[in-house]
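Inspection log for the structure reproduced underneath, given as structure tokens.
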Amino acid sequence: MKCPRRKFLEKLALGTSVLFVPSVLSACGGKKKDYLTELEAGTIEEFEKVMYKTNEFNNVPILTLKNPEGKYETFSLQCTHQGCIVKFSEQNKEFQCPCHKGVYNIKGEVIKGPPPAPLKKYATIVKNGKIIVLEQSV
Ligand code: FES
Numbered sequence: 101m102k103c104p105r106r107k108f109l110e111k112l113a114l115g116t117s118v119l120f121v122p123s124v125l126s127a128c129g130g131k132k133k134d135y136l137t138e139l140e141a142g143t144i145e146e147f148e149k150v151m152y153k154t155n156e157f158n159n160v161p162i163l164t165l166k167n168p169e170g171k172y173e174t175f176s177l178q179c180t181h182q183g184c185i186v187k188f189s190e191q192n193k194e195f196q197c198p199c200h201k202g203v204y205n206i207k208g209e210v211i212k213g214p215p216p217a218p219l220k221k222y223a224t225i226v227k228n229g230k231i232i233v234l235e236q237s238v
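Going letter by letter, the sequence shown gives residues 101 to 238 in our numbering.
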């Protein structure tokens, strides 16, 4: 025969797990909604007036520009050296890191300083006149 206290604890555990599971599932569902797989960076019309636009994509600052060949490209603004936020110089057409003077060209390639790799580049497409940034890297 089972101890009454043990039976009580088993029932309590079962009840707790029934209550706990839906709250865990809803918490997981909430997090998934916050994660974007694509972002509208602007419209073709907007990019006729400006060279670039900045946004935030899944907590990463990004910059979308229309390159000299007329193609839309999007870069993470996180320096690949130690993660500082790089600034885009429209005049020099390059990304400059304020932390250790790393410099990337307009294609995101390292041209000066300590960064070990190019800036992360996101797939960017045009859909119905809108510039869409996709989570996937290129
Ligand atoms: S963090 Fe950018 S050059 Fe060091």
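Each residue gets a CB set at the ideal place from its N, CA and C atoms; glycine is no exception.
Short check: CB of PHE175 to CB of LYS212, under 9 Å?
no
Write down the C-beta distance between LEU136 and ASN155 rounded to the nearest angstrom, noting that I regard them as a contact closer than 8 Å.
Going by Cβ atoms, the distance from LEU136 to ASN155 rounds to 10 Å, so no, they are not a contact pair.
Using DSSP with H/G/I as helix, E/B as strand and the rest coil, what is GLU169?
coil
GLY130 classed as buried or exposed, judged by whether at least 16 other C-beta atoms fall within 10 angstroms:
Unreliable placement is indicated for GLY130, whose pLDDT of 46 sits below 50; the coordinate value is still reported in the next sentence. Looking at its Cβ environment, which holds fewer than 16 other Cβ atoms inside 10 Å, GLY130 is exposed.
In the DSSP assignment, what residue or residues form a beta bridge with THR164?
LYS153 and THR174
Does the distance between the C-beta of GLY208 and the nearest non-hydrogen atom of the ligand FES fall short of 8 Å?
no
With a cut-off of 8 Å on the beta carbons, I'd call GLU146 and LYS153 a contact; round off their distance for me.
7 Å
Could you tell me the alpha carbon to alpha carbon distance between SER123 and ALA141, rounded to whole angstroms?
At SER123 the pLDDT is 37, less than 50, meaning the model places this residue with poor confidence; the figure from the coordinates comes in the next sentence. Taking the straight line joining both Cα atoms gives about 34 Å.
Can you say whether GLY183 is buried or exposed, counting buried as having 16 or more other CB atoms within 10 angstroms of its CB?
Sixteen is the threshold: since fewer than 16 other Cβ atoms of the shown chains lie within 10 Å of the Cβ of GLY183, the residue is exposed.
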